[in-house]
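Here the sequence shown stands for residues 25 to 265, numbered as in this note's numbering.
In this text, a Cβ means the ideal position worked out from N, Cα and C, and glycines have one as well.
Computed from a predicted model, the values in this text were never measured in an experiment.
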Amino acid sequence: MKDSKNVTQMSKRNNEFPVVHLISEPNNALKTIYLACRTCYSADYPVNIWEKDISQEAMLKLVKKVLQSGHHSTIEHCQYVFTISGVSRACTHQLVRHRHMSFSQKSQRYVTEEGPFEYITPSTIINAGLTEDYDKMMQDISAFYGKMIEKGIPAEDARFVLPNATTSTLVASLNLREMIHLANLRLCVNAQHEIRKLVDKMCKLIVENEPWLKEYLVPKCEKNGFCDEIKSCGRHPQKKG
Ligand SMILES: Cc1cc2nc3c(=O)[nH]c(=O)nc-3n(C[C@H](O)[C@H](O)[C@H](O)COP(=O)(O)OP(=O)(O)OC[C@H]3O[C@@H](n4cnc5c(N)ncnc54)[C@H](O)[C@@H]3O)c2cc1C
């Protein structure tokens with residue numbers, strides 16, 4: 025068992041959470057998408073199109089036109105792989121709802137939460153002055169979890185007491201079409217703050233190497249020009265009717 029001080033220290037690390045790294049991305053996303061688009065409208069072999077030296081401007085012109093027409097299967101060829109840590113199970117539960125993403129997540133059956141488990145403290149709890157009570161609750165859970173493990177309860181059953189706040193680790197991958205959809209839904213201010221922060225970090229990592237994608241990795245209101253949420257933040261006018 026780690027001491028209670030460590031539990032509190034873990035919960036104070038929220039600012040750096042979630043920790044996200046983009047570990048794999050296409051070397052030539054724009055050219056790949058251009059190839060997919062051009063192939064649809066060309067009698068030439070795709071490999072010949074690939075070997076041509078096309079300017080960035082010409083590639084962008086076609087790609088943007090095709091995307092505007094809704095021909096989105098052309099961006100499914102670009103795959104991104106992220107490592108994610110320091111996110112709550114509350115957050116990962118939302119992330120795994122995205123059915124075109126692939127996940128490998130730390131198992132609470134096979135990995136025992138030795139000592140104080142890592143957990144997220146929402147800023148609302150800190151701002152309400154409830155951090156001490158919250159940390160105490162986590163320590164109590166941790167102590168009981170440890171007691172169950174010591175008594176031989178398997179981790180898959182002891183985990184029943186672990187809260188949504190418990191952090192998790194994942195490898196998550198998705199194609200560009202799903203990444204844009206994820207951004208459209210989860211960058212909206214109505215999305216939960218943690219998944220919004222996570223998706224924002226994912227988008228920024230992609231845009232670092234592909235600045236032209238910035239205009240697509242936006243909340244849906246930016247894409248649509250209107251808000252279709254019941255509770256609007258006012259960034260764009262609400263959809264009528
Ligand atoms: C602000 C917010 C609040 C939410 N609140 C709740 C809630 O209270 N309760 C709750 O249960 N969930 C909630 N969700 C989750 C939401 O309902 C979706 O499950 C989640 O956002 C995944 O979205 P998706 O299905 O569009 O995307 P994905 O699963 O990523 O799929 C992308 C797209 O592929 C297509 N697609 C995927 N699978 C199918 C299929 N089987 N059939 C046909 N088309 C398919 C659809 O066009 C879909 O939009 C919330 C999400 C947000 C952003």
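Open item on the list: Taking the straight line between their C-alpha atoms, what separation do you get for lysine 160 and threonine 191?
Closed with: 17 Å
TODO: For my contact list, isoleucine 47 and phenylalanine 106 are in at a C-beta cut-off of 8 Å; report their separation, rounded to the angstrom.
DONE: 7 Å
Open item on the list: Tell me whether asparagine 214, by its Cβ, gets closer than 8 Å to a heavy atom of ligand 1.
Closed with: yes
Task: C-alpha distance - phenylalanine 184 paired with valine 231, whole-angstrom precision - done: 39 Å
Open item on the list: So, at 7 Å on beta carbons, what are the nonlocal neighbours of isoleucine 219 in its own chain, with the 5 sequence-adjacent residues on each side left out?
Closed with: Cys115, Gln118, Leu119 and Arg210
- [ ] Rounded to whole angstroms, what's the CA-CA distance from aspartate 164 to serine 109? Just pull it up for me.
- [x] 24 Å
Open item on the list: Taking 9 Å as the threshold (C-beta atoms), are tyrosine 143 and methionine 172 in contact?
Closed with: no
Open item on the list: Alpha carbons only, please: which of Gly249, Glu253 and His95 is nearest the one belonging to arginine 201?
Closed with: His95
Open item on the list: According to DSSP, is glutamine 132 part of a helix, a strand, or is it coil?
Closed with: coil
Open item on the list: Can you find the residues in the same chain that come closer than 6 Å, C-beta to C-beta, to histidine 45, ignoring five residues on each side of it along the sequence?
Closed with: Thr107
Task: Sheet register partners of leucine 194 (DSSP bridge) - done: Ile108 and Gln129
Open item on the list: Beta-carbon within less than 8 Å of proline 261's beta-carbon, same chain only, minus the 5 sequence neighbours each way: which residues are those?
Closed with: Phe250 and Cys251
TODO: Examine chain B for any beta-carbon lying closer than 9 Å to the beta-carbon of tyrosine 58, and answer yes or no.
DONE: The chain labelled as chain B is not found in the depicted structure, where only one protein chain is given.
Task: Residues of its chain near glutamate 100, where Cβ-Cβ distance is below 6 Å and the 5 sequence neighbours each way are ignored - done: Asn199 and Arg201
Task: With 16 other Cβ atoms within 10 Å as the buried cut-off, status of proline 243 - done: buried
Open item on the list: Assuming the contact rule is C-beta atoms closer than 8 Å, glutamate 137 and leucine 91 should be a hit. Round their C-beta distance to whole Å, please.
Closed with: With 8 Å as the limit, glutamate 137 and leucine 91 do not qualify as a contact, their Cβ atoms being about 44 Å apart.
- [ ] Pick helix, strand or coil for serine 97, following the three-state DSSP scheme.
- [x] helix
Open item on the list: For ligand 1, I want to know if leucine 209 counts as a neighbour, meaning its beta carbon is within less than 8 Å of at least one of the ligand's heavy atoms.
Closed with: yes
Open item on the list: According to DSSP, is glutamine 163 part of a helix, a strand, or is it coil?
Closed with: helix
Open item on the list: Do lysine 130 and threonine 56 count as a contact pair if the criterion is CB distance below 9 Å?
Closed with: no
Open item on the list: For ligand 1, I want to know if arginine 123 counts as a neighbour, meaning its beta carbon is within less than 8 Å of at least one of the ligand's heavy atoms.
Closed with: yes
Open item on the list: If you reduce the DSSP assignment to three classes, tell me which class cysteine 251 lands in.
Closed with: strand
Task: Per-residue DSSP class, three states only, for isoleucine 177 - done: coil
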